[in-house]
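S.K.: Mind having a look at this structure? Questions to follow.
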Amino acid sequence: MGGVAVLAGGLSSIAQSAGPTKEVRLVAGPGRARVVPSPHPETAIWAYNGTAPGPEIRVRQGERLRVAVENRLQEETTIHWHGVRVPNAMDGVPHLTQKPIAPGESFTYEFTVPDAGTYWYHPHQRSLEQVERGLCGALVVEEPEPLQVDRDVTWVLDDWRLLKDASISGDFGNRMDAGMSGRIGNTVTVNGRVRETFGVRAGERIRLRLVNAANARIFGLEFEGHRVQIVALDGQPVEPHAPEGGRIVLGPAMRADLVIDMTGAPGARFRVMDTFYQDLEYRLLDLAYADAPLRERPLEAPLALPGNPLPEPDVGAAARHEVTFDGGMMSGMMGGMMQGMGRGHVWAVNGVSASGHVMDPMFALPQGQSCILALHNNTAWHHPIHLHGHSCRVISRNGEPTRHREWQDTVLMAPRERAEIAFVADNPGDWMLHCHILEHQAAGMMGVIRVEPPGTRT
Amino acid sequence: MQGLLSATHDARKDTQMLRLISALGLLLMAIAGANAAEPARKATLYKSPQCSCCEEYAKYLRGNGFEVKVVATHDLALIRRDNGVPTAVEGCHTMLLGDRVIEGHVPVSAINLLLEKHPQVRGISLPGMPQGSPGMTGRKTAPFTIYSFGDGSHKVFATD
Ligand SMILES: [Cu+2]
Chain A
6 MGGVAVLAGG
16 LSSIAQSAGP
26 TKEVRLVAGP
36 GRARVVPSPH
46 PETAIWAYNG
56 TAPGPEIRVR
66 QGERLRVAVE
76 NRLQEETTIH
86 WHGVRVPNAM
96 DGVPHLTQKP
106 IAPGESFTYE
116 FTVPDAGTYW
126 YHPHQRSLEQ
136 VERGLCGALV
146 VEEPEPLQVD
156 RDVTWVLDDW
166 RLLKDASISG
176 DFGNRMDAGM
186 SGRIGNTVTV
196 NGRVRETFGV
206 RAGERIRLRL
216 VNAANARIFG
226 LEFEGHRVQI
236 VALDGQPVEP
246 HAPEGGRIVL
256 GPAMRADLVI
266 DMTGAPGARF
276 RVMDTFYQDL
286 EYRLLDLAYA
296 DAPLRERPLE
306 APLALPGNPL
316 PEPDVGAAAR
326 HEVTFDGGMM
336 SGMMGGMMQG
346 MGRGHVWAVN
356 GVSASGHVMD
366 PMFALPQGQS
376 CILALHNNTA
386 WHHPIHLHGH
396 SCRVISRNGE
406 PTRHREWQDT
416 VLMAPRERAE
426 IAFVADNPGD
436 WMLHCHILEH
446 QAAGMMGVIR
456 VEPPGTRT
Chain B
65 MQGLLSATHD
75 ARKDTQMLRL
85 ISALGLLLMA
95 IAGANAAEPA
105 RKATLYKSPQ
115 CSCCEEYAKY
125 LRGNGFEVKV
135 VATHDLALIR
145 RDNGVPTAVE
155 GCHTMLLGDR
165 VIEGHVPVSA
175 INLLLEKHPQ
185 VRGISLPGMP
195 QGSPGMTGRK
205 TAPFTIYSFG
215 DGSHKVFATD
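Encoded structure:
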């Protein structure tokens, strides 16, 4: 048991950069926010530096980031840098990679950001409540040469389960939420507020960074009247392409970078719809065109982003491991369901329902080994499966090669779906592999894989 | 935008509307309390948009003379709370039948028993999603225990 000894240096090829250091201070504590417009009251939240989402952290690729975190909550916390290939000790997983930060205490995270792109940060300690109450924020790593756009905008998408007095419903860990789709809220916010409009100008080109910070809600966004190009997924560049069916689907914790040319007329309005859940489609907000155009016709600059320094997995020589996900309502396990649910264990990874972050690894990989994980969702529910410390190419779904072989750190799996993901296990340590529907994670849907540096095999 | 507390969203998906309905349910209970001679047969079933067995349950009820409107919602937890369903006996969907609450895959025999013989009982539940229950696949392996609830507590109502 316990973590492997981690060699200093971590990602040897990319962590050695001696660029400038960006200093950030984050204070996690109670706050108040105007989630819903007046005359409704403000909402008591948990916040980084008083706001939800917390401050957007922006660094340049290859820079060092040093974040001093002070915990003013009444409970332990940590911060996980979702999608960033950090050294294991900076990964923010309680007890597995660090001692959680006690109330009143501080901890400093420090690492080099190897990849440009859109990432985010959030607690990994009791995240089903801490993230839901507002602890989350965007982390944007800028390319040395940014895409040529008129505006670079981040939308942190989130939802909240609010009562009539605009307070957050306290029913965390509700077992029907746990056994079904997770805690999906009734109030959807963009950057912390319910919004009516987002102002744009005719001829404008916007890079829109979407971050799904919701516990459980899957978004399926459609930009009516606009041709949207996806240029990055989970921070990693992808061949620019239109979303399938015109809809950008983002499971919890996933990100997408879009480029949208504002081709509408001055003064026009277009709806941005979320159509993911049938019969519960709704308008997220309107794109509202200003009366004065920015320019006659949009920019024609190229959309492709430069690649990140990711090691390419050797699929032919890869070690292959099967990972199965079971459980939940409407599964074959229904007979024992209620019994299992009584203990709070509803989901399992390779037959094990986790009760904490520290556990024996499902398997170990020698550092540098190419690996294919064959993921099997044997359940009747969607699951965004997140691997820490690495980005993975999604190489197939249900046996069919994927068109874009996209790099992801969070792979959304439909009910009964299979997917193969490939990566080089180049980052030593014990890493979580878990569902990012936080209620599923808390109800057992997590496991650990180990990447062993040379000389540590037992 | 979708906001529970916002006045501008689409009424079709209006969660406030659900609250109105449940408030109305309470009102009806207060007024019509003992009038069980003509049991209500019109029901509204609230379900997760991603749960398919609830539709099957609605079909089962329709086959037994009920009129059932199915409404997808993300607010099941709040609807349960507003209608007094204890967390210990939660099923996978919640149905309002006049002033009564039917939670989960409750067999019609138990609903009829509730309507005909127990005018004071707020609602009944078959917790979880037991195999072989109405609307569920699989084979029934043991009798179902149906619970009644009303004042925050629950007790055995019937076995089936
Ligand atoms: Cu899940």
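Chains A and B supply the protein sequences, listed in that same order.
Residues 6 to 463 in this note's numbering are what the first sequence spells out, letter by letter.
Residues 65 to 224 in this note's numbering are what the second sequence spells out, letter by letter.
Even for Gly, the Cβ is constructed at its ideal location relative to N, Cα and C.
1. Name the chain A residues whose beta carbon is nearer than 9 Å to that of B/Cys156?
2. Just the Cα atoms here: how many angstroms apart are B/Arg83 and A/Asn383?
3. Looking at the C-beta of A/Leu140, does it have a partner C-beta in chain B at a distance below 8 Å?
4. Please name the residue or residues paired with A/Arg222 in a DSSP beta bridge.
5. Please report the distance separating the alpha-carbon of A/Glu209 from that of A/Ile265.
6. Among A/Met181, A/Pro92, A/Ala207 and A/Arg300, which has the Cα closest to the Cα of A/Met267?
7. Would you mind giving the Cβ-Cβ distance between A/Ile223 and A/Val254, rounded to the nearest angstrom? I have them listed as a contact below 8 Å.
8. Can you tell me which of A/Met418, A/His127 and A/Val399 puts its alpha carbon nearest to the alpha carbon of A/His409?
9. Where are the alpha helix (DSSP H) runs, 4 residues long or more, that stay fully inside the stretch 424–459 of chain A, in chain order?
10. Drop a sphere of 10 angstroms on the beta-carbon of B/Glu154, count the other beta-carbons inside from all chains shown, and report buried for 16 or more, exposed for fewer.
11. Going by C-alpha distance, which of A/Gly178, A/Ser43, A/Leu238 and A/Glu68 is nearest A/Gly312?
12. Which residues in the same chain as A/Gly452 place their Cβ atom closer than 6 Å to its Cβ, once the five residues preceding and following it in sequence are excluded?
13. Output, in chain order, the set of chain B residues within a Cβ distance shorter than 7 Å of A/Ile106.
14. Measuring from the CB of A/Ile442, is there a heavy atom of ligand 1 at a distance below 7 Å?
15. Among A/Ala107, A/Tyr114 and A/Phe203, whose alpha-carbon lies nearest the alpha-carbon of A/Gln79?
16. In terms of alpha-carbon separation, which member of A/Gly225, A/His231 and A/Arg276 lies closest to A/Arg260?
17. If the cut is a Cβ gap below 9 Å, which residues of chain A does B/Ala122 touch?
18. Can you give me the C-alpha to C-alpha distance between B/His218 and A/Arg455, rounded to a whole angstrom?
19. DSSP three-state call for A/Asn217: helix, strand or coil?
20. Judging by CA-CA distance, which residue of A/Gly59, A/Ala323 and A/Thr329 is the nearest neighbour of A/Arg421?
21. What does A/Gln283 reach in chain B if we use C-beta pairs closer than 9 Å?
22. Just to confirm my understanding: we take A/Cys440, look at its own chain, exclude 5 residues before and 5 after, and list those with CB closer than 8 Å. What are they?
23. Answer with yes or no whether the minimum CB distance from A/Trp386 to chain B is below 8 Å.
24. Starting from the Cα of A/Leu310, find the closest Cα among A/Glu148, A/Arg30, A/Ala52 and A/Ala38 and give me that residue.
25. Can you list, in chain order, the residues of its chain with a C-beta nearer than 7 Å to that of A/Arg138? Leave out the 5 residues immediately preceding and following it.
26. Kindly indicate if chain B contains any beta-carbon less than 8 Å away from that of A/Ile50.
27. Could you tell me which of A/Ala379, A/Gln130, A/Val236 and A/His127 sits nearest to A/Gln153, measuring between CA atoms?
28. Spatial neighbours of A/Arg71 within its chain, please: CB distance less than 6 Å, with the 5 preceding and 5 following residues excluded, ordered by chain position.
29. Report the neighbours of A/Ser174 on chain B: residues whose CB is nearer than 9 Å to its CB, in chain order.
30. Can you list, in chain order, the residues of its chain whose CB lies under 8 Å from that of A/Pro245, leaving out five sequence neighbours each side?
31. Closest Cβ-Cβ distance between B/Thr151 and chain C: below 8 Å?
32. Based on Cα-Cα distance, which residue from B/Asp139, B/Gly202, B/Glu180 and B/Asn147 lies nearest to B/Ser189?
33. Following the continuous beta strand (DSSP E) through B/Leu161, name the residue where it begins and the one where it ends.
34. Kindly give me the distance between the Cβ atoms of B/Val172 and B/Leu125, rounded to whole angstroms, as I take these residues to be in contact under 8 Å.
35. Taking C-beta to C-beta, are B/Pro198 and B/His157 nearer than 8 Å?
M.R.: On the basis of the data shown:
1. Going along chain A in sequence order, the residues near B/Cys156 (Cβ under 9 Å) are Met181, Gly184, Met185, Met334 and Met335.
2. In this prediction, B/Arg83 has a pLDDT of 36, which is less than 50 and means its spatial position is unreliable; what the coordinates show is noted afterwards. Whole-angstrom Cα-Cα distance: 36 Å.
3. No, no contact with chain B.
4. DSSP lists no partner for A/Arg222.
5. Whole-angstrom Cα-Cα distance: 8 Å.
6. When the alpha-carbon of A/Met267 is set against those of A/Met181, A/Pro92, A/Ala207 and A/Arg300, the nearest one is in A/Ala207.
7. Right, the Cβ-Cβ distance comes to about 7 Å (below 8 Å), so this counts as a contact.
8. If we check each option's Cα against that of A/His409, A/Val399 comes out closest.
9. Fully enclosed alpha helix (DSSP H) runs of 4 or longer: 443–447.
10. Around the Cβ of B/Glu154, a 10 Å sphere holds 16 or more other Cβ atoms; the residue is buried.
11. Checked all of A/Gly178, A/Ser43, A/Leu238 and A/Glu68; the closest Cα to A/Gly312 is A/Leu238.
12. These residues qualify, in order along the chain: Val354, Met367 and Leu438.
13. Chain-order list of chain B residues neighbouring A/Ile106: empty, with the shortest C-beta distance near 30 Å, by a criterion of under 7 Å.
14. Result yes, Cβ under 7 Å from ligand 1.
15. For the residues A/Ala107, A/Tyr114 and A/Phe203, the minimum Cα distance to A/Gln79 belongs to A/Ala107.
16. Of all alpha-carbon atoms in A/Gly225, A/His231 and A/Arg276, the one lying nearest the alpha-carbon of A/Arg260 is that of A/Gly225.
17. Correct list: empty, because the minimum Cβ distance to chain A is about 14 Å.
18. Distance between the alpha carbons of B/His218 and A/Arg455 is about 47 Å.
19. Here A/Asn217 sits in strand by DSSP.
20. It is A/Thr329.
21. Those within 9 Å of A/Gln283 in chain B are Pro113, Gln114 and Ala136.
22. Closer than 8 Å at Cβ, skipping near neighbours: Phe330, Trp352, His388, Pro389, Ile390, His391, Gln446, Met450 and Met451.
23. Yes, because at least one Cβ of chain B sits closer than 8 Å to the Cβ of A/Trp386.
24. Looking at the Cα atoms, A/Glu148 is the closest of the given residues.
25. The residues Ile50, Trp51 and Ile173, in chain order, have a CB closer than 7 Å to that of A/Arg138 in the same chain once the five nearest residues on each side in sequence are set aside.
26. Not one chain B Cβ lies under 8 Å of A/Ile50.
27. That would be A/Val236, whose Cα lies nearest to the Cα of A/Gln153.
28. The answer, listed in chain order, is Thr26, Glu28 and Glu115.
29. What A/Ser174 touches in chain B: Ala141, Leu142 and Arg145.
30. The beta carbon of A/Pro245 lies closer than 8 Å to those of Gln234, Ile235, Val236, Val264, Leu308 and Ala309 in the same chain, with the five residues before and after it left out.
31. This model lacks chain C altogether, as its protein chains are A and B.
32. Taking only the C-alpha atoms, the option nearest B/Ser189 is B/Asn147.
33. Note, B/Leu161: beta strand (DSSP E), His157 to Leu161.
34. So it is a contact: roughly 7 Å between Cβ atoms.
35. Going by C-beta atoms, B/Pro198 is not nearer than 8 Å to B/His157.
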